[in-house]
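S.K.: Numbered by this note's numbering, the letters in the sequence shown go through residues 928 to 1229 in order.
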Amino acid sequence: MVLKVRELVQKIKVKSVLNKQKYADDWFLSNYSINPYSGCSFNCVYCYTRGSKYGEHQVPGLAAKINAPEVLVKQLKTRARKREYGFIAFGSATDPYLQVEKDLKITRELLMIILRFHFPVHLLTRSPLILRDLDILKKIGEKAILPDEFKDKTDTGVVLSFSFSTTDEHLANIFEPGAPSPKERLETMKQCKDAGFIVGAIFMPLLPFLSDSEEHLDKMIQDVKLNGADFVMASGLTLFGEGPNDCKTRYYEVLEEHFPELVFQTKAIFRNSFAPSRKYQEELHERFVRLCQKYQIRNKIY
Ligand code: SF4
928 MVLKVRELVQ KIKVKSVLNK QKYADDWFLS NYSINPYSGC SFNCVYCYTR
978 GSKYGEHQVP GLAAKINAPE VLVKQLKTRA RKREYGFIAF GSATDPYLQV
1028 EKDLKITREL LMIILRFHFP VHLLTRSPLI LRDLDILKKI GEKAILPDEF
1078 KDKTDTGVVL SFSFSTTDEH LANIFEPGAP SPKERLETMK QCKDAGFIVG
1128 AIFMPLLPFL SDSEEHLDKM IQDVKLNGAD FVMASGLTLF GEGPNDCKTR
1178 YYEVLEEHFP ELVFQTKAIF RNSFAPSRKY QEELHERFVR LCQKYQIRNK
1228 IY
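Dropping the structure here:
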């Protein structure tokens, strides 16, 4: 993997690392979430954590939560004692396999603790570094205690997802300058599938007028299916904030530079909202569901 953005990382201590969701997220399959890092060096232009509530507790730049393993032991011990088993999601506000993880191994340590307490995991990443941890993930899959609502749906406690806004290398290079290429992600997904995992692709976000067309989506679904995806999910772009580093500002700057002809029509579907119009979202959903049917692939995890 070529490191395109230098990772300068500070080390911080946290009081909590396991976040209990208010409601279990059926779509993302999570009762809890964990982010081993604060910030994300993959530096996607559209990253929704910049300017939204999802990033409001992040420290500036990239930080590693160095005491996360000891904090997680305490938190999972309590949850396990009360038998509050549920899927733990990695990847909601940072990628768990940033380049810095290669040396720090915080995600790996957290997975070993999760294995010890028998919790299931849904891990979302863009990085081939996940291959390093397939040994632990395999054991988590076998040992995890599943929440009751999943017992008739699956017998494994691990789902591995890979996110894409496109599978086109040129577009990805513009909008995801620090992330592993789509080709690397597809190859990694295939290797995870061949190793026996349930794998899927999350198209999040699809870029308006760039990767959301019938033709582009058709190709993306073919690409992920060819590389072993058991499911695929999709959602549209969201744009937050007015500050110089917020995703809305950065997205329009990049659009002006590379696709100036799309600025007007993109602004037209967002109007003054952080999300595109309902009509746009409904048409995107309808297109996506139809293409999933065409390729006989699930449009949800279970
Ligand atoms: S990989 Fe995810 S968390 Fe990281 S910059 Fe990209 S969108 Fe943000």
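Glycine included, each C-beta is placed from N, C-alpha and C at the ideal position.
Using three-state DSSP, classify L1133 as helix, strand or coil.
M.R.: Of the three classes helix, strand and coil, the one that applies to L1133 here is strand, per DSSP.
S.K.: Suppose only complete runs of 3+ residues qualify. What are the beta strand (DSSP E) ranges in the segment 946 to 982, listed by chain order?
M.R.: Runs found: 957 to 961.
S.K.: Please name the residue in A1156, R1035, A1099, T1193 whose C-alpha comes closest to that of F1136.
M.R.: Per the Cα distances, T1193.
S.K.: Would the beta-carbon of I1072 fall within 8 Å of that of H1185?
M.R.: Their beta carbons are not under 8 Å apart, which means I1072 does not touch H1185 by this criterion.
S.K.: Drop a sphere of 10 angstroms on the beta-carbon of K980, count the other beta-carbons inside from all chains shown, and report buried for 16 or more, exposed for fewer.
M.R.: With fewer than 16 other Cβ atoms within 10 Å, it is exposed.
S.K.: Using three-state DSSP, classify R1225 as helix, strand or coil.
M.R.: Strand.
S.K.: Taking all protein chains shown into account, do 16 or more other C-beta atoms lie within 10 angstroms of the C-beta of D1062, making it buried, or fewer, making it exposed?
M.R.: Result: exposed.
S.K.: Is the beta carbon of G1022 within less than 7 Å of some heavy atom of the ligand SF4?
M.R.: Before going further, note that residue 1022 is Asp rather than Gly in the sequence given. Under cutoff, so the answer is yes.
S.K.: For Q937, which three-state DSSP category applies?
M.R.: DSSP places Q937 in strand when its eight states are reduced to three.
S.K.: State buried or exposed for D1150, treating a residue as buried only when at least 16 other CB atoms are found within 10 Å of its CB.
M.R.: Answer is buried; the Cβ neighbour count reaches 16.
S.K.: At which residues does the beta strand (DSSP E) containing K992 begin and terminate?
M.R.: Segment 989 to 992, the beta strand (DSSP E) holding K992.
S.K.: So L1050 and L1087 are supposed to be a Cβ contact under 8 Å. How far apart are they, rounded?
M.R.: Right, the Cβ-Cβ distance comes to about 5 Å (below 8 Å), so this counts as a contact.
S.K.: Let's see if you can read the secondary structure: which residues bound the beta strand (DSSP E) around V1086?
M.R.: Taken as a continuous stretch (DSSP letters only), the beta strand (DSSP E) holding V1086 covers 1085 to 1091.
S.K.: Is the beta carbon of T1115 closer than 8 Å to that of L1037?
M.R.: The answer is no: Cβ separation not under 8 Å.
S.K.: Between the alpha carbons of M1160 and F1130, how many angstroms are there, rounded?
M.R.: Approximately 6 Å, taken between the alpha carbons.
S.K.: Contact check, Y964 vs T1052 under 8 Å by CB: the rounded distance?
M.R.: In fact, because the Cβ distance is near 12 Å, the residues do not count as touching under 8 Å.
S.K.: What residue from T1093, G1068, V972, Q937 has the CA that sits closest to T1176's CA?
M.R.: Cα-wise, what sits closest to T1176 is V972.
S.K.: Compute the Euclidean distance between the alpha carbons of K947 and Y959, then round it to the nearest angstrom.
M.R.: The straight-line gap from Cα to Cα measures roughly 4 Å.
S.K.: Starting from L1050, trace the alpha helix (DSSP H) in both directions and tell me its first and last residue.
M.R.: Counting along the chain, L1050 falls outside any alpha helix (DSSP H), though it belongs to the beta strand (DSSP E) covering 1048 to 1052.
S.K.: Compute the Euclidean distance between the alpha carbons of V1000 and K992, then round it to the nearest angstrom.
M.R.: So the two alpha carbons sit approximately 14 Å from each other.
S.K.: Just tell me which of F1046, A990, S943 has its CA closest to the CA of Q1002.
M.R.: The residue with the shortest Cα to Cα distance from Q1002 is S943.
S.K.: If contacts are defined as beta-carbon pairs under 8 Å, then Y1207 and I1196 qualify, I think. What distance do you get, rounded to the angstrom?
M.R.: Contact holds; Cβ gap of about 5 Å.
S.K.: Assess contact between the segment 1103 to 1119 and the segment 1076 to 1085, defined as three or more Cβ pairs (one per stretch) separated by less than 8 Å. Is contact present?
M.R.: Too few Cβ pairs lie closer than 8 Å, so no.
S.K.: Quick one: using the 10 Å Cβ neighbour count with 16 as the cut-off for buried, is D1075 buried or exposed?
M.R.: With fewer than 16 Cβ atoms within 10 Å of its Cβ, D1075 is classed as exposed.
S.K.: I want to check one thing, is the minimum distance from the CB of T1115 to the heavy atoms of the ligand SF4 below 7 Å?
M.R.: T1115: no, Cβ never under 7 Å from the ligand SF4.
S.K.: Can you say whether L1230 is buried or exposed, counting buried as having 16 or more other CB atoms within 10 angstroms of its CB?
M.R.: An answer regarding residue 1230 cannot be provided, because it is not within the stretch 928 to 1229 covered by the chain.
S.K.: In terms of alpha-carbon separation, which member of L1042, T1165, G966, K1009 lies closest to N1199?
M.R.: With distances taken between Cα atoms, N1199 lies closest to T1165.
S.K.: Could you tell me whether the Cβ of K949 comes closer than 8 Å to any Cβ of chain E?
M.R.: Among the chains of the structure shown, chain E does not appear; only one protein chain is present.
S.K.: Hey, how far is the Cα of L1042 from the Cα of F1014?
M.R.: Distance between the alpha carbons of L1042 and F1014: 12 Å.
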